[in-house]
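Numbering (numbering that gives the first Met the number 0) for the sequence shown: 0 to 623.
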Amino acid sequence: MSMQKENSQTTLLIGALGVVYGDIGTSPLYTVKVALSGLGRPDVEHILGTLSLLFWMLILVVTLKYVICILRADNRGEGGTLALMELALRGRTGKTRWRLALLGLIGASLFYGDSMITPAISVLSAVEGIGVVSHRLDAWVVPISVVVLLALFMFQSRGTGAVGKLFGPVMLCWFLVLGGLGAWRIIGQPQILEAFNPLWALRFIDDAPWETFLALGALVLALTGAEALYADMGHFGGPIIRRAWFCLVLPGLVLCYFGQGALLLGDPEAIRNPFFLLAPTWGLIPLVALATLATVIASQSVISGAFSVTRQAVQLGYWPRMVIQHTSAREEGQIYLPRVNWLLLLAVLILTLSFGSSESLAHAYGFAVTGTMLMTSLLAFAVLPRGSHGVCRVAWLVLISVFLATDVLLFSSNTLKLHEGGWLPLVVGLCLLTLMVTWKQGRQRVHDTLAGDHQPLASFMESLEAYPPTRVPGTAVFMSMIVGTVPPALLHNLKHNKVLHEQALFLTIEVADVPYVPFGERLKIERVSRSAWQAVARWGFKQEPNVPQVVEQIGQEIQDLNLEPMQTSYFLSRQTVIVVRRLPWHQSWRRHLFAFMARNASRSTRFYKIPPNRVVEMGMQMEL
Numbered sequence: 000m001s002m003q004k005e006n007s008q009t010t011l012l013i014g015a016l017g018v019v020y021g022d023i024g025t026s027p028l029y030t031v032k033v034a035l036s037g038l039g040r041p042d043v044e045h046i047l048g049t050l051s052l053l054f055w056m057l058i059l060v061v062t063l064k065y066v067i068c069i070l071r072a073d074n075r076g077e078g079g080t081l082a083l084m085e086l087a088l089r090g091r092t093g094k095t096r097w098r099l100a101l102l103g104l105i106g107a108s109l110f111y112g113d114s115m116i117t118p119a120i121s122v123l124s125a126v127e128g129i130g131v132v133s134h135r136l137d138a139w140v141v142p143i144s145v146v147v148l149l150a151l152f153m154f155q156s157r158g159t160g161a162v163g164k165l166f167g168p169v170m171l172c173w174f175l176v177l178g179g180l181g182a183w184r185i186i187g188q189p190q191i192l193e194a195f196n197p198l199w200a201l202r203f204i205d206d207a208p209w210e211t212f213l214a215l216g217a218l219v220l221a222l223t224g225a226e227a228l229y230a231d232m233g234h235f236g237g238p239i240i241r242r243a244w245f246c247l248v249l250p251g252l253v254l255c256y257f258g259q260g261a262l263l264l265g266d267p268e269a270i271r272n273p274f275f276l277l278a279p280t281w282g283l284i285p286l287v288a289l290a291t292l293a294t295v296i297a298s299q300s301v302i303s304g305a306f307s308v309t310r311q312a313v314q315l316g317y318w319p320r321m322v323i324q325h326t327s328a329r330e331e332g333q334i335y336l337p338r339v340n341w342l343l344l345l346a347v348l349i350l351t352l353s354f355g356s357s358e359s360l361a362h363a364y365g366f367a368v369t370g371t372m373l374m375t376s377l378l379a380f381a382v383l384p385r386g387s388h389g390v391c392r393v394a395w396l397v398l399i400s401v402f403l404a405t406d407v408l409l410f411s412s413n414t415l416k417l418h419e420g421g422w423l424p425l426v427v428g429l430c431l432l433t434l435m436v437t438w439k440q441g442r443q444r445v446h447d448t449l450a451g452d453h454q455p456l457a458s459f460m461e462s463l464e465a466y467p468p469t470r471v472p473g474t475a476v477f478m479s480m481i482v483g484t485v486p487p488a489l490l491h492n493l494k495h496n497k498v499l500h501e502q503a504l505f506l507t508i509e510v511a512d513v514p515y516v517p518f519g520e521r522l523k524i525e526r527v528s529r530s531a532w533q534a535v536a537r538w539g540f541k542q543e544p545n546v547p548q549v550v551e552q553i554g555q556e557i558q559d560l561n562l563e564p565m566q567t568s569y570f571l572s573r574q575t576v577i578v579v580r581r582l583p584w585h586q587s588w589r590r591h592l593f594a595f596m597a598r599n600a601s602r603s604t605r606f607y608k609i610p611p612n613r614v615v616e617m618g619m620q621m622e623l
């Protein structure tokens, strides 16, 4: 039994290498080169100071902040910016609630910038290795990168289940190679081990504070992927992620970074590409091939993360309904969103062709990463100290303050690079934030308008029982936005068709602030009249509503209610948003934007998986 458990733990640990650590695992491809190339010919003090600073940033930000502390803030086992936001929102009302929600949305918006840049910079940095083999191949870097990226995105619709089994072993090989190459170079230049001493970092800061501040903007590249540790917690659990970090990932990364430093101590000219020059000449081509595989895995993890974040945003009401396709019959997390995939591909190709090198893209990368990390620290203030008292609460506040100060420093160092490419994730983030806030506020306005004209459901149905219209056989399921009120679809049906089915079920779909709602806790049903029932079905923000499935469950619980598929019809209201023309443009542009998003949202029948041939849609216009 213990042997089976150990094998299972080992399998999960190897799987975590491919899913969780792909992004941060490919950072050695470009971090040292970008951090030291601006210094011209790096000397011993610069190399030791930079490596010491890099090592202690890994310890403070990744190890202490994420691996030890942030992984404690789990939302029923799930992590990520939106999961942390939902934890922070519990029990909050008014302006405090909206400010916390805004922090979470900013973090999610910047994550999309990360999702655009990671595939481009990772694949470019790997393929640039062919330039070390021969400079005549330099012109082929961008075309080969474009081909690799096209293949990666076109494969998304087929799912990653089969290939995903290879991710873990490939990344295991990758980290072993990183550690092996680094250790080989360190043996030749053991002086680099002095960089473990934090005094070298402090001396570097004291001697050149401004240069150090600028270097932070590049060294933050070593921290990319730290958010994935938290976002992927639901797949593997905190203990597995921690074990993989301490046993393999951290040692492999540190050996590789210090190995590059050792190489530069012996040959400062190697700054042109210190990662690939770690390898002996005969190992260059195999290393380029392995690096390309590793960067494809890192890109795949980020793309899957963008799909997951989008689904959560849709469920929480911050994004219009979208087509979500499952690519695995067994794994709920393996999904494919066509619109997101092709928009990401377009953005990645534009970045690859316009920037042309990993070094140019590095300036844009740091801004997105540090912005997301800053939002995580701010939200952690509202989550981690909660429930603690006395000394424990003070300790949490002090620790998070240290994390926040570090994140502010890293973020501010990257703001200096706005003109060099940092503007890109900023613009993307602002556009997506505007879209999400507009959708959320627009839906709330629609909800408030409908609620203002509502009639109590129970008294209305009782009046229909007393003075019934023409009754027709079967059961009508009315999708209702507001619990306990008469849905517009029922009023329109009575007005135009002048009939009512023998039985009526009023169904409201709600999204809980937890990732998953157990099947047994999903339903709440009450009878509102002799022939009508009100049901509220709750799903988690990482689950997809399935109306026919929940209707079948209701039929099993209420024997009096006939919900045979061929005897059941679904009635939905489809609101068409009309923008009031008399408003000036500066007051109405967001209303026009909301109307555009509403028109392009996926049909509710497809989103809720309702068979189209059993649906009656009642159209209505609504002015904003």
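Quick reminder that beta carbons are idealized off the backbone N, C-alpha and C, glycines included.
With respect to glycine 106, threonine 371 sits close: the two C-beta atoms are nearer than 9 Å.
Take valine 445, set aside five residues on each side of it, and the residues of its chain with a beta-carbon closer than 7 Å to its own are Gln574 and Met621, in chain order. Segment contact: the stretch 70-87 against the stretch 305-320, three or more CB-CB distances shorter than 8 Å; contact assigned.
Judged by their CB atoms, valine 140 and serine 300 are not nearer to each other than the 9 Å cut-off. For valine 615, no alpha helix (DSSP H) segment is defined; the enclosing uninterrupted segment is the beta strand (DSSP E) at 614-622. Look at proline 611 here: in three-state DSSP terms it is helix. Across the set Ala221, Asp231 and Val122, the C-alpha of Asp231 shows the shortest separation from the C-alpha of arginine 75. Arginine 537 is bridged by DSSP to Glu509. Approximately 6 Å separates the beta-carbon atoms of alanine 488 and leucine 571; this is inside 8 Å, confirming the contact. Contact annotation, threonine 291 with valine 126: C-beta distance approximately 6 Å; criterion of less than 8 Å satisfied. Proximity of the stretch 527-535 to the stretch 456-463 meets the contact definition, three or more beta-carbon pairs being nearer than 8 Å. DSSP places threonine 575 in the strand class (E or B) of the three-state scheme. In the displayed model, glycine 260 falls within a helix according to three-state DSSP. Pairing methionine 480 with proline 118, the inter-Cα distance amounts to about 40 Å.
Taken in chain order, the stretch 371-419 contains no complete beta strand (DSSP E) segment of 3 residues or longer.
Within the stretch 115-168, there are no complete beta strand (DSSP E) runs of at least 3 residues. With a 10 Å radius around the Cβ and a threshold of 16 neighbouring Cβ atoms, serine 307 comes out buried. Per DSSP, reduced to three states, the secondary structure at glutamate 85 is helical. For isoleucine 349, the enclosing alpha helix (DSSP H) starts and ends at 337-354.
The criterion of a C-beta distance shorter than 9 Å is not satisfied by arginine 71 and leucine 373.
In terms of Cα proximity to phenylalanine 54, the closest of Phe410, Ser298, Met478 and Leu254 is Leu254. Note: histidine 325 is bridge-paired with Ile334 in the DSSP secondary-structure output. Taking C-alpha positions only, glutamine 502 is separated from valine 535 by approximately 17 Å. For methionine 56, the three-state secondary structure derived from DSSP is helix. In this structure, leucine 11 keeps its C-beta atom at 9 Å or more from the C-beta atom of glycine 251. Your pair glycine 216 and serine 26 does not check out as a contact, with CB atoms roughly 14 Å apart and the cut at 8 Å. Counting only the Cα atoms, methionine 478 lies some 42 Å from aspartate 22.
If you look at methionine 460, you'll find it isn't in any beta strand (DSSP E); it sits in the alpha helix (DSSP H) that goes 456-465.
DSSP places valine 253 in the helix class (H, G or I) of the three-state scheme. Only residues of its own chain outside the window of five on either side were considered, and among them His362 and Ala363 have a CB closer than 6 Å to the CB of glycine 420, listed in chain order.
Around the beta carbon of alanine 297, a 10 Å sphere encloses 16 or more other beta carbons of the protein chains shown; the residue is thus reported as buried.
Less than 9 Å divides the Cβ of phenylalanine 402 from the Cβ of cysteine 68. Secondary structure of alanine 600 (DSSP, three-state): coil. Secondary structure of tryptophan 532 (DSSP, three-state): strand. Between leucine 348 and leucine 165, the C-beta gap is not smaller than 9 Å, which leaves the two residues out of contact. When secondary structure is reduced to three states using DSSP, arginine 444 falls in the helix class.
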